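Convert by adding 140 to the 1-based position in the first sequence; the result is the number in the working numbering.
Just so you know, even glycine gets a beta-carbon here, dropped at the ideal spot from N, CA and C.
Source: prediction; values computed, not measured.
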Amino acid sequence: MTYIATEREQYWQKMWQEQKLYTTDLTDNSKPAYYNLTMFPYPSGDKLHVGHWYNYAPLDSWGRFMRMRGHSVFQPMGFDSFGLPAENYAIKTGVHPKESTTVNIEKMRQQLTAMGGMWDWEHEVVTSDPEYYKWTQWLFIKLYEAGLVERRKAPVNWCPGCQTVLANEQVEDGACERCKSEVIKKNLTQWFIKITDYADRLLDYSDLDWPEKTMLMQKHWIGRSEGAEIEFAVFGDEERKLRVYTTRPDTLFGATCMVMAPEHELVSQITTETYIKEVEKYVDHASKMTEIDRTNEEREKTGVFTGTYAINPATKEKIPVYVADFALVHYGTGIVMCTPAHDLRDHAFATKYDLPIKQVVKPKDGTEIDVQKEAFKEHGIAVNSDFLNGVPTAEAITKMISWLTEQDFGEGKVNFKLRDWLISRQRYWGAPIPIIYCDDCGAQPVPEAQLPIILPDDVDFNPKGTAPLATSESFVNTECPKCGGKAKREVDTMDTFMCSSWYYLRYLSPKNDQVAVDNEMAKKWLPVDMYIGGPEHACMHLLYARFINMVMYDLGYTPHKEPFTRLVHQGLITKDGAKMSKSKGNTVSPDEFVEKYGSDVFRMYLMFLGPFTEGGDWGDQGITGIARFQQRFYTIMMDLEMVETDKEVDRLLHKTIKKVTDDLWNMQFNTALAALMEFTNAILKHGKITESAREKVTLLIAPMAPHFAEELWHLSGHEGSIFNITEWPEFDPALAKDDQLTIVVQVNGKLRGEFTADLTADKEAIVLAAKTLDNVKLYLDQKEIVKEIYVPGRLVNLVVK
RNA sequence: GCCGAGGUGGCGGAAUUGGUAGACGCGCGGGACUUAAAAUCCCGUUCACGCAAGUGAGUAUGGGUUCGAUUCCCAUCCUCGGCACCA
């Protein structure tokens with residue numbers, strides 16, 4: 141018999157839909173709740189590509205597996221629909237983002253349905269829908285009320301040609317990708333969310349089942365360090381202080397110069413007249429460099445002298461103050477002290493500008509070193525440091541901090557690399573920031589009752605030098621919520637990461653217009669049991685989502701401290717070695733494969749490509765192998781002689797149950813499928829199957845090929861969906877056991893033969909049998925056996941001399 | 001550059017986590033069926049030598065630990081992801 145996948149899949153998709161099989165009753169308490177979540181897609185014009193499928197198909201298989209193991213599985217889907225691409229598309233074609241987004245979402249819903257996923261569409265969220273962004277705006281106001289929102293100046297990429305702000309992605313080698321004008325930095329007043337207030341709490345990962353590498357990346361991103369802030373007085377203007385942050389206050393006696401970030405506000409104030417021109421030129425040059433270039437440690441260090449000197453508080457020496465681009469304004473205080481003898485970067489800088497290199501730490505073991513030649517950055521013993529002399533580094537740091545505090549020169553300080561979250565976007569297609577500016581009352585948050593602040597339609601989103609929303613008069617002009625006077629609305633919109641930082645909370649009650657998060661549902665369903673998404677989100681989305689959840693927890697809106705209990709990253713599917721993205725134009729559509737082979741085959745093919753967490757480069761060679769397998773599987777199910785019992789069938793079956801179950805637990809879908817292939821091949825050769833094997837192996841393949849399994853389930857006489865079954869096949873080790881052992885024999889670690897032995901054979905018998913093999917004897921001849929190693933049931937290694 | 005991954009046949013990958021390297025699949029070669037092709041089935045397929053039994057080499061490169069290393073350690077090279085406005 142032949143299985144016509146495409147036809148039967150459509151049939152089952154329709155049946156599932158009619159029966160509302162995947163609409164989860166969130167109030168049902170009869171089974172344990174399991175929240176199975178994936179990162180929702182951006183509705184791009186390229187629709188779903190194979191990268192999405194590589195993420196969603198295994199997620200769906202996992203959800204089905206958990207469902208078949210007796211859980212009530214909630215598997216929602218939605219769209220992260222605000223963002224830059226829709227706006228750029230609008231600028232290019234004139235099609236309103238609302239329109240293109242609606243079209244894209246509709247198409248993607250169809251694709252997701254054709255995939256046959258267990259999506260619970262009744263709980264869908266779309267972030268560009270006012271019903272959703274009303275609560276994103278509400279969230280902003282809650283953050284504002286909690287004192288976690290701040291307004292400050294920050295630079296943006298500005299294209300003078302296009303008269304608009306550019307995303308980093310739109311800048312190529314310092315020029316606008318569209319008009320090739322040189323991109324400049326422009327300072328704008330923007331809104332920040334103070335994620336840094338939560339930096340320490342974000343470092344706590346206890347009770348999270350997350351990949352080590354993700355936690356490690358986040359930890360490095362947050363970048364906690366302990367050190368001190370130290371004040372240096374400006375020579376000749378002692379009232380003015382330059383404050384530095386250092387992790388090595390113990391080296392203060394060796395600080396022979398200072399370096400300020402080019403953007404530092406004090407640069408213009410302290411530069412002396414003679415040096416103004418040169419400094420300005422340098423500052424301008426630095427503003428055009430990317431941060432990646434600026435922090436490149438191999439690059440030659442550059443800087444310019446400001447003409448000013450500071451006083452080292454420890455040595456009272458005059459030290460020159462430079463401006464250099466390797467100092468970053470947003471890290472620490474934006475000013476660093478240089479201790480060339482004990483820092484590689486400072487050493488390179490000092491060597492280039494001929495600044496003194498003064499050793500203040502020596503190695504613990506007394507080794508002689510020449511710091512003029514090479515920096516010694518390790519911990520050691522303080523020297524040339526007055527009251528610190530002879531003190532080991534760790535202790536010297538504490539001692540120096542006490543001294544600084546006593547003398548009022550500074551204090552101990554914990555610092556983070558993590559920066560506050562800039563959420564202002566000078567764009568149209570985003571959630572308007574709910575702030576009103578009144579000449580008399582200043583910036584005021586929009587009262588909750590006035591939400592949502594609807595994104596206006598009568599906007600010219602073509603770049604004209606202002607944020608697009610400023611072109612809508614009906615939007616801009618409003619009343620001050622405090623005094624009732626004339627006022628203007630904020631015209632910036634929010635970063636889309638804001639929208640995606642809390643969507644999993646909204647899935648639980650997307651239509652509730654009274655509250656953002658339904659508390660009862662949150663208690664029952666949160667935290668998310670399984671969250672699957674790309675590793676590229678490790679440091680941004682996943683950190684923002686944890687942060688927002690923590691704030692919501694503190695404010696009492698959600699009952700758990702962490703949002704995602706278990707996190708898994710699918711690997712990245714690349715095309716010709718690079719990440720698939722619309723901007724690179726290298727996406728591959730799954731549609732033609734699904735049309736030709738059916739969703740099950742395509743899903744299995746993706747899962748069979750390699751380990752789920754590793755991904756790989758896309759290629760369609762091999763999909764026919766999966767189609768063949770499906771057909772062969774159908775043959776063993778439908779066309780084989782059926783017998784009551786069969787020892788060989790039982791053995792094959794139970795080996796397969798064990799392997800497939802273990803592999804599914806570990807999300808090793810590729811080897812689970814290989815095991816099912818081996819079973820199929822062996823049974824086909826054997827020529828017989830049992831009713832029990834037929835039923836159980838149908839259950840085993842169900843998570844990975846849902847339509848196919850449903851079809852087989854009904855063909856073998858079952859009523860009701862296979863996905864309502866909650867008894868996963870049980871493994872019986874007694875039935876799976878082989879009758880004999882295969883023992884491999886090595887001599888000096890080299891393979892020299894193999895033989896089969898009885899299950900009951902002991903070590904002595906096996907080693908003896910090994911020695912009597914003809915080929916083994918050849919290598920034992922004239923030699924003395926010095927060691928006999930027996931790995932039970934596997935191998936004998938004879939070590940000879 | 002920094003942070004995090006990864007590197008195994010012609011290709012995708014497997015290997016009970018220190019115990020037969022190459023499971024499973026693709027591709028390729030040979031055969032069966034067919035007037036022929038497709039589909040299907042059977043056999044073979046890491047490389048070198050050999051009719052074969054087998055022998056030698058082999059998991060990015062170079063070293064080390066071990067009876068035994070794809071697996072552990074050190075160094076180097078290459079590829080990918082992220083680097084705060086793509087999402």
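From residue i to residue j, what does the alpha carbon distance come to, in whole angstroms?
i: ALA849; j: VAL837; result: 9 Å
i: ARG686; j: THR633; result: 22 Å
i: ILE594; j: PRO572; result: 7 Å
i: LEU852; j: PRO592; result: 50 Å
i: PHE332; j: THR545; result: 31 Å
i: PHE448; j: MET477; result: Here the sequence assigns Thr to residue 448, which means Phe is not the residue at that position. Rounded to whole angstroms, THR448 to MET477 spans 14 Å at the Cα level.
i: TYR272; j: PRO650; result: 7 Å
i: LEU707; j: PHE809; result: 17 Å
i: MET248; j: GLY711; result: 22 Å
i: LYS539; j: ASN529; result: 11 Å
i: PRO873; j: ILE245; result: 49 Å
i: LEU342; j: ARG383; result: 27 Å
i: VAL511; j: ASN327; result: 41 Å
i: PRO202; j: HIS794; result: One point to set straight first is that residue 202 is Trp, not Pro, in the sequence displayed. If you take the alpha carbons of TRP202 and HIS794, they lie about 21 Å apart.
i: LYS171; j: TRP156; result: 20 Å
i: SER365; j: GLN150; result: 57 Å
i: SER832; j: LEU855; result: 14 Å
i: LEU840; j: VAL631; result: 55 Å
i: MET208; j: THR801; result: 12 Å
i: ALA426; j: LEU392; result: 28 Å
i: ARG292; j: GLU457; result: 36 Å
i: THR698; j: LYS282; result: 13 Å
i: GLN106; j: GLN584; result: Absent from the structure is residue 106, since the part of the chain shown begins at 141 and ends at 941.
i: VAL461; j: SER408; result: 12 Å
Helix, strand or coil: which one does DSSP assign to residue i?
i: CYS319; result: coil
i: ARG934; result: coil
i: TYR151; result: helix
i: GLN947; result: Because the chain here runs from 141 to 941, residue 947 falls outside it and cannot be looked at.
i: GLY857; result: coil
i: LEU382; result: strand
i: ALA678; result: coil
i: LYS353; result: helix
i: LEU881; result: strand
i: TRP331; result: strand
i: ILE925; result: strand
i: TYR471; result: coil
i: VAL728; result: coil
i: PHE871; result: coil
i: ARG559; result: coil
i: GLN358; result: helix
i: TYR449; result: strand
i: SER212; result: strand
i: PRO181; result: coil
i: THR866; result: coil
i: GLN886; result: strand
Which one or two residues does DSSP pair with residue i in a beta bridge?
i: HIS709; result: GLY673
i: CYS623; result: Note: CYS623 sits in no beta bridge, so no partner.
i: GLY582; result: CYS578
i: TRP665; result: None; TRP665 has no bridge partner.
i: ASN176; result: MET670
i: ARG629; result: ILE576
i: LYS325; result: ASN297
i: ALA230; result: Partner(s): none; ALA230 has no beta bridge.
i: THR714; result: LYS719 and ASP757
i: PHE219; result: VAL266
Mind reading off the beta-carbon distance from residue i to residue j? Whole number of angstroms is fine, and I expect it under 8 Å.
i: CYS400; j: VAL500; result: In the sequence as presented, Cys is not what sits at residue 400; that position holds Met. About 22 Å separates the two Cβ atoms, so there is no contact after all.
i: THR396; j: GLY367; result: The pair is not a contact, with the Cβ atoms about 19 Å apart (cut-off 8 Å).
i: TRP561; j: ILE335; result: 5 Å
i: ASN297; j: VAL289; result: Actually they do not touch by this definition, with Cβ atoms about 23 Å apart.
i: GLY570; j: PHE222; result: 5 Å
i: ALA822; j: LEU792; result: 5 Å
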